[in-house]
Structures are given as structure tokens and as C-alpha cells.
Amino acid sequence: MQKIGVFVCWCGSNIAGTVDVGRVVEAVRQEPGVAFAADYQYMCSDSGQNLIKSAVKEHGLTGIVVCSCSPRMHEATFKKTAAAAGLNPYMVEIANIREHCSWIHKNMEEATEKAIVLARAAIAKVLKDAPLTSGTTEVTKRALVIGGGIAGIQTALDIAEAGFAVDIVEKQPTIGGRMAQLDKTFPTLDCSACILTPKMVDAGANENIELFTYSEVESVKGFVGNFTVTIRKKARSVRADLCTGCGECTEKCPSRKTKNEFNMGMDTRGAIYIPYAQAVPKIAVIDREHCLHFKTGKCGLCERTCSAKAIDFAQEDELVTRNYGAIVMATGFQMIDPSGFGEFGYGKSKDVLTSLEFERLMNAAGPTGGHLVCPSDGRHPKHIVFIQCVGSRDTSGCGKPYCSKICCMYTAKHAILVRDKYPDVSVTVFYIDVRTPGKNFDEFYRRAVEEYGVQYVKGMVGKVTREGGRLKVQGSDLLNDRQLHLEADMVVLAAAIEPDPTARSVASMLTASIDTNGFMTEAHPKLRPVESPTAGVFLSGVCQGPKDIPETVAQASACAAKVIGLLCKQKLVNNACVASSDPLLCNGCSSCEKVCPYGAITYEERELNDKGVRRTARVAVVNEAVCQGCGACTVACPSGAMDLKGFTNQQIMAEVDAICR
Amino acid sequence: MPLNTSAPAQTGEYRPLIVAFCCNWCSYAGADLAGSSRLTYPADVKIIRVPCSCRVNPLFVLKAFERGADGVILCGCHPGDCHYTTGNYYTRRRMTLLFSMLDYLGIERERTRVEWVSAAEGAKFSATMNDFARTIRALGENRKLRDLRCGN
Chain A
128 MQKIGVFVCW CGSNIAGTVD VGRVVEAVRQ EPGVAFAADY QYMCSDSGQN
178 LIKSAVKEHG LTGIVVCSCS PRMHEATFKK TAAAAGLNPY MVEIANIREH
228 CSWIHKNMEE ATEKAIVLAR AAIAKVLKDA PLTSGTTEVT KRALVIGGGI
278 AGIQTALDIA EAGFAVDIVE KQPTIGGRMA QLDKTFPTLD CSACILTPKM
328 VDAGANENIE LFTYSEVESV KGFVGNFTVT IRKKARSVRA DLCTGCGECT
378 EKCPSRKTKN EFNMGMDTRG AIYIPYAQAV PKIAVIDREH CLHFKTGKCG
428 LCERTCSAKA IDFAQEDELV TRNYGAIVMA TGFQMIDPSG FGEFGYGKSK
478 DVLTSLEFER LMNAAGPTGG HLVCPSDGRH PKHIVFIQCV GSRDTSGCGK
528 PYCSKICCMY TAKHAILVRD KYPDVSVTVF YIDVRTPGKN FDEFYRRAVE
578 EYGVQYVKGM VGKVTREGGR LKVQGSDLLN DRQLHLEADM VVLAAAIEPD
628 PTARSVASML TASIDTNGFM TEAHPKLRPV ESPTAGVFLS GVCQGPKDIP
678 ETVAQASACA AKVIGLLCKQ KLVNNACVAS SDPLLCNGCS SCEKVCPYGA
728 ITYEERELND KGVRRTARVA VVNEAVCQGC GACTVACPSG AMDLKGFTNQ
778 QIMAEVDAIC R
Chain B
86 MPLNTSAPAQ TGEYRPLIVA FCCNWCSYAG ADLAGSSRLT YPADVKIIRV
136 PCSCRVNPLF VLKAFERGAD GVILCGCHPG DCHYTTGNYY TRRRMTLLFS
186 MLDYLGIERE RTRVEWVSAA EGAKFSATMN DFARTIRALG ENRKLRDLRC
236 GN
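Protein chains in written order, with our numbering: chain A, 128 to 788; chain B, 86 to 237.
This is how it looks when you write it as C-alpha cells:
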């Protein structure tokens, strides 16, 4: 005989404000199997949990229903409470009367009725609950970080520092990411390369870190603690073990027309190249698409030049398969292509740049050696116009609805750098709002205005046109209610940032979810910001949302802490809600095996005792350590042999019954 | 007819019974987000949590109609985003077959629906439920399978 206790939470006024909890308690008391029912202000509090524990003991309860917030919030809490009271934790069901009831209904009568129905469904389910025990699995003590920018590097360094092995997969030939392309960093004006490159070197030299550069994730299998990942190491056509990074081949290469990605295509590089001087690893790579040897079969100058004999035209892609306990997404961002916004003339005039292009133009290692000149004709500019929110906070559908967060600050930085180095150049910034929340951020922006005399104009630019070798900028000055027609030599667009396009396919492989803007979804937006909802997958850096460098580094370290916490565990407790097959009903048809995404079902010859009759049969067997509990097999099974613990056919049928009563 | 639940239920007003099966990883979380964002939809919708939309046995849907549900909706992760990689593809195929069979049996196509709602789409969840409830209210009561039951 089951004895169920029902505990209705007020959640302060969150539930009790809309749901008459007293009536819910009265109603559930009438339900068959219910031996005890009570309400309390905060059931998740210590005293609320004590109420549950003492009721279990006092009334000899065999199962518990908590009518409260979402099970995604407090199911684990109440399972622990039940366990502490000596109950099996799987004898607990949650009726979600907050997110699915009190918060979305305003009429008390309706909300109360619905809460009673939801409570009944949970009672019906708990009556069919069975005590479950979880198995355990080992944790592979190695982590994979996908993306070798500052986020990935910081996460990997922290994990390695804790003594665990960690691999970084980076699609570019070097780690470093976007930060390597930046000139200075706000609000301190540190040189970006100077603070990044020591970390790159550390990552390259750390014995716990292995770098897979010029590599991509090919496939991911498995689950938390036990991922199996295949990495494609693309053929560099240069032997990493022999190349000394001297760079002689890159100078001799006769094919010089390839756009240099590192300098945002503002200059060219050879077909064999090293991305930049501080690249880690400093190994040349042949871009086969542009290499004369691969295009025509001739040339081979680099091979003849290389004294280390490192050139290997026959090199092929290599597939490496490894096991990992945790996977970190650190796939970063790119800038949107602003040519979709025709009014700014990007792509029509070389003097209209994105901020990242401007960053390279200001950099000593950039295409002009750090001299600020107009890309169209090399003249010294007199007036530069910066336009903010290009494609950010744009609800028209052309751009992104979100704020890219970093543009206000880097534009202030650019303005200060220009005015500091070239006091003769005047600077105007068109903005919608200047957003400067952050340590020393507003002070920095005020310096741009007050100390450096940067003209800030509130308003958007409507048109940028070429006129007589210069640019004409037409924009509105909202504060003075007038239109401005300015002559400019350069226009710099603070284009929106968006997640790197490769993140989507990697996320699909990891079955980690993505939001409508392409950013990775976190397990909880406030309380679990560095974990993906998929167990064992963690989020580092801008792949989760726009961030500046300090925030990225902070999140990267937080992410590492979570990974270390996982890798420290000797064993992981498996999901107890796994499939199981009744051998007496199984007819060995293999339908379940075919739909299982994990290969958790195998077939065995079993000796069966079928009501006294002995027979051998080929029956399905579920590997509980591998089964993730999706239930695909339960529906595929034509004989009803396969069921899912915790979500059995009987339980769900009972819920349907209770709701449709 | 106002669909917002802020309108009190008037006596005699037809209130449909809608069963929504939501997968734990995307749609149930999407429903949670609709809740925490206070995006209303009618109280007619009652949610049953399943690990994956592919856990929904066609018999559950039949059972719901048999017991007097007026509409049944399944919500899962978007194609390609299934937490279990491929579960929602099975859902899509199974339910396509089931819904056309139900249609043949006289349960209108509009009473059954499969929708993909991610954990980030609270607004979509609410909009979907509002739309579905509106559709079911317009269709009225479902008596098709109930009539076949004896003595109940």
C-alpha cells in the first residue's frame, strides 16, 4: 500500500499569489494513495525540507510529490531531501505549478484548478514510481578545448595547471584567435600582443597541453566523462617535426597574391606562410588552394629552399581519435560583413573600414607598419568618422537584435589612439547610446571626450558617399536637431560581432543547444553560465555571448574550474532513468537496436524461465552505462518489452489519465 | 474570444483540454522560460514532461483522445539539435503517420501538432500554445474517440 505525501510550496507570493495553495492541499487530500498533504512558504528552505523529512518518518510515506517550481530548478534538491529521510530518491515527483501555472495565469480560479490537475498527474505518476539505483562510470581524465583564442587558451592553461591533460583544437594554423589581431586593449591601452603572446607560449610549452592547430573536430560520440572525439589534422604540407619556423620558404614563395587573413585581407601573403611572427606553433603551412605546385604541378621552390627538408607535398589529412571526460566550446566570434548596409558604402570605398580592419591599420605589425594612412591612396587623413551600432541593436532584420557590447569601448579606444598619435587628425563618433559599464570604462570614455577632444554626436549616419577623393558623411545630430554633412577621409564601422560560423556544426555534434542568435545556450542564464545544458560540455568566451577580454578570461577560468571539478571525480553517477527490456516479452526483432543513437542495445542468447517452461531466446540487453534514457527504443518495440525507467509507459499513461479526468 | 487567461472563466464557456508532451531538454525548458518571462497562454494546456519527444508512444496520444482531450501537441528540440542526436527525427516520422491515421479516423489534422521549441524560445512556446488553443477552441469539443468508449 503506497502512502504518498504531497507538499505544496507557496514560493512566497510567486505561487501563492495566483494559486490558492490551501485549496490545492484540500483537493489532493482526496486523491487515492495520499496519506499526507501540507503547504509551506518555501519548501526548498531548510525548514521546508525538514517538514518533508519529518512527514516521511511520521507518516511512513513511500513517495513524495512536491508542487513547486520547475523540476529543472529543485528536483535534485527534493531528491536529496527524500534520500536524507530514507526514501529512494526516485520516489519523488515534481508538479510544476510555478513556471507552468502561477507565473503564466493571472486568474486565481483557473490557476488553482490547473495546479490541482498538475498535482494529480504527479500523484498518479508517483504511485507508479519504482525505487531506482544508479550505476557509475569512470571519468576520462582529459579535456578537449575547441578553439584556441584567449578563451580557449586560458581555460586550457587553468585545467593543465590543475594537473589534467588538455588538448586544444584550433582551425587556424596558430592559436591566438581574435585577440592576436588587436592593437591595444581598453581601458588600460596595454598592447594586446604583449599580454597575449606569453600565454600562447605557455600553452605551447605546457606539458599537459597538446595543440592541434590547423585541425577541426570531425565527430563526437559518447557522453559526460566518456566522449570519443575524432580530430582532423589538416595536411600542412610541412612536417611539424622538422620545420624550424625560419620563414625562408615564405619569403621565396612566388605566389604572393593571397589575401592575408591576419591583416583582414588588407595585404597579401605567400601560398606558404606563417600567420604572424609570434605564431604558436611557429610552423609554416601551405595554402593548397593558392600554391603553384598544387595548382600546376610546377614550382616547388619552397622545397628546394628549405634546409630542414620539412616540405612534404604528399602529406595527407590525419585523423586522431581520443577520449575525453569534458569538452569546452571556445569557438569565439567574427565581425559581420557590413556590406549588407549599403548606406555606409563599405566595399565601395577602400576608406570605409570595419573596426577590426582599423585595428590592423593601427598595428605596428599591420599592413602599413602602424602608419595611419587612407587605404585608397595612402594619404594622411585629416578627419575620421566612427559609426557605432552597425548591425547591432537592429530589429529591422538586416542586423543583430543584440548589443555587441564591446564596440562603445573599442571605439573610444580607437579615438584616443588616433588623437594621441596624430593630434592633427580630428575624430567624430556617431552613436546611439554610449554604454560603458565596467571597471574604469566610463572614465576612459570621458577621457576621450574631455582630454582628447573627440566629437561625440548622438545620431545615426544615413549616407556615406565618395566625393572628390574624400568621403561625405551625412548623419543626424539628434541632440541639436539638425542634419550634419561632414567631409571625412576615413569611416570606421563598429560592425556587430556574431558567433563564429563553425560553432553551429560543432554544437550539433555535441548536441549542445544554440539560441536564436547562434550563441551557445547556458544551462542556466544566471546560475550556471559556463555550462551547456548538455552534461560534460562547457562554455568559454564569446561563443556564449558578446564579451570583452576581462570578461572572457573570467569566464574561461570559471569554465576551467567546472571542468576540473568534473575531472577530479573518480566516478560519475549514471542516469538511473534508463531503458530496460523484459526478456519474456522480447521477440528479438532488433527494432530497438536500430533506433538507439548510442549503440547501447545488444542481443544475447538467454536461458529463460517462461512460467515454468524453459526456453532459450535471443533477447535485447541494455548497457546501462551507455544508455542515456531518450526512450526511442520504447516506442520502436513492437512487443512492449522495452520500457524506460522513471518514464514508464504506465507512468505516462497514468499522467495522461489524470490530466484528462 | 479573449485568449488571455487574465479573463476569468465564464460559466458555460467552452474550455478545451489540451495535452502537451514536452521534451525535457528543449521544449520543457522553453515552457519554463515562457513562465519566468511571464508570457501567458491559456490554462487549458497541461504539460507532461518526457525525456525526449521520441519517448511519446502513439498510444499516449490515442489515450489522451480516448480520455477526452481536445488537442494533443508534441514539442521537441529543433531538427539537428536533439539532445539525443536523432530522437526528434523519429518523432517527426512517427507522428506524421499517426496524425494522418487519426485524421482518417475523424480526429481533424488541426487537433494534433508537432512543434520544435528550443530552451531559448519562451516566446515561441507561448505563441505556439496560444495559437494551438485558439485552433482547438474554434474546432470545438472532440467526441470522436470518446464516443467509442462504452459506459463512460
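Heads up, the beta-carbon is just placed ideally off N, CA and C, and yes, glycines get one too.
- Cβ proximity to chain B below 8 Å picks out Ser635, Thr638, Ser640, Ile641, Asp642 and Thr643 from the stretch 635-646 of chain A.
- Using a CB distance cut-off of 9 Å, Leu182 of chain B does not count as an interface residue toward chain A.
- Following the DSSP letters along the chain, one finds Phe339 of chain A in no alpha helix (DSSP H) but inside the beta strand (DSSP E) bounded by residues Ile336 to Phe339.
- For the stretch 146-172 of chain B, the residues whose beta carbon sits under 8 Å from a beta carbon of chain A are, in order, Lys148, Ala149, Arg152, Gly153, Ala154, Cys162, Gly165, Asp166, Cys167, His168, Tyr169, Thr170, Thr171 and Gly172.
- Under the three-state reduction of DSSP output, Ile691 of chain A falls in the helix class.
- Contact between Val561 of chain A and Tyr579 of chain A does not hold, since their C-beta atoms are separated by about 15 Å, which reaches or exceeds 8 Å.
- Think of a sphere of 9 Å around the beta carbon of Gly758 of chain A: the chain B residues whose beta carbon falls inside it are Val135, Pro136, Cys137, Cys139, Arg140, Val141, Asn142, Tyr169 and Gly172, in chain order.
- Where Asn736 of chain A is concerned, the enclosing beta strand (DSSP E) starts and stops at Ile728 to Asp737.
- Using a CB distance below 9 Å, the part of the stretch 186-214 of chain A facing chain B consists of Cys196, Ser197, Pro198, Arg199 and Met200, ordered along the chain.
- Shown here, Met587 of chain A sits in coil according to DSSP, grouped into three states, outside any helix or strand.
- The closest CA to that of Ile224 of chain A, considering only A:Thr239, A:Lys548 and A:Phe557, is found on A:Thr239.
- Cβ proximity to chain A below 9 Å picks out Tyr113, Ala114, Ala116, Asp117, Leu118, Ala119, Gly120, Ser121, Ser122, Arg123 and Leu124 from the stretch 113-124 of chain B.
- When the beta-carbon positions are compared, Cys111 of chain B and Ser203 of chain B come within less than 9 Å of each other.
- Listed along chain B is no residue with a C-beta nearer than 9 Å to that of Gln671 of chain A; the closest approach is about 12 Å.
- With respect to the C-alpha of Thr340 of chain A, the residue from A:Val500, A:Lys298 and A:Phe440 having the closest C-alpha is A:Lys298.
- Every beta strand (DSSP E) stretch that sits fully inside the stretch 178-228 of chain A and reaches 3 residues is listed by chain position as 190-195 and 219-223.
- In the structure shown, Asn450 of chain A falls within a strand segment according to DSSP collapsed to helix, strand and coil.
- Assignment of beta-bridge partners to Arg562 of chain A by DSSP yields no partner.
- At least one beta carbon of chain B lies nearer than 9 Å to the beta carbon of Glu240 of chain A.
- With a threshold of 9 Å between beta carbons, Met780 of chain A makes contact with chain B.
- Contact of Phe421 of chain A with chain B is not assigned, every C-beta pair being separated by 9 Å or more.
- In the three-state DSSP reduction, Phe134 of chain A falls in the strand class (E or B).
- In the pairwise beta carbon analysis, the stretch 610-624 of chain A is classified as touching the stretch 516-532 of chain A: at least three pairs are separated by under 8 Å.
- Taking Gly349 of chain A as the centre and dropping the five residues before and after it, the same chain places the C-beta of Thr355 closer than 7 Å to its C-beta, in chain order.
- Counting only residues of its own chain and dropping the five nearest sequence neighbours on each side, Cys754 of chain A has a CB closer than 6 Å to the CB of Val705, Ala706 and Ala727.
- Counting along the chain, the unbroken beta strand (DSSP E) around Met462 of chain A starts and ends at Phe460 to Met462.
- By the criterion of a C-beta distance shorter than 7 Å, Lys180 of chain A is surrounded in its chain by Thr208, Ala211 and Ala212, once the five residues flanking it on both sides are discounted.
- The alpha-carbon separation between Ile410 of chain A and Ala307 of chain A amounts to approximately 17 Å.
- DSSP places Ser718 of chain A inside the alpha helix (DSSP H), whose first and last residues are Ser718 to Val722.
- In the displayed model, Met456 of chain A falls within a strand according to three-state DSSP.
- The alpha carbon of Met462 of chain A has as its nearest neighbour, out of A:Thr377, A:Glu594 and A:Val517, the alpha carbon of A:Val517.
- With fewer than 16 other CB atoms across the displayed protein chains lying within 10 angstroms of its CB, Cys321 of chain A is exposed.
- At a cut-off of 9 Å, the C-beta of Val104 of chain B has a neighbouring C-beta in chain A.
- Each residue's CA atom was taken as its position, placing Pro159 of chain A and Ala116 of chain B some 29 Å apart.
- Excluding residues up to 5 positions away in sequence, Thr355, Val356, Thr357 and Ile358 lie with their Cβ nearer than 8 Å to the Cβ of Thr448 of chain A in the same chain.
- Taking C-beta atoms as the reference points, Arg741 of chain A and Glu732 of chain A fail to come closer than 9 Å.
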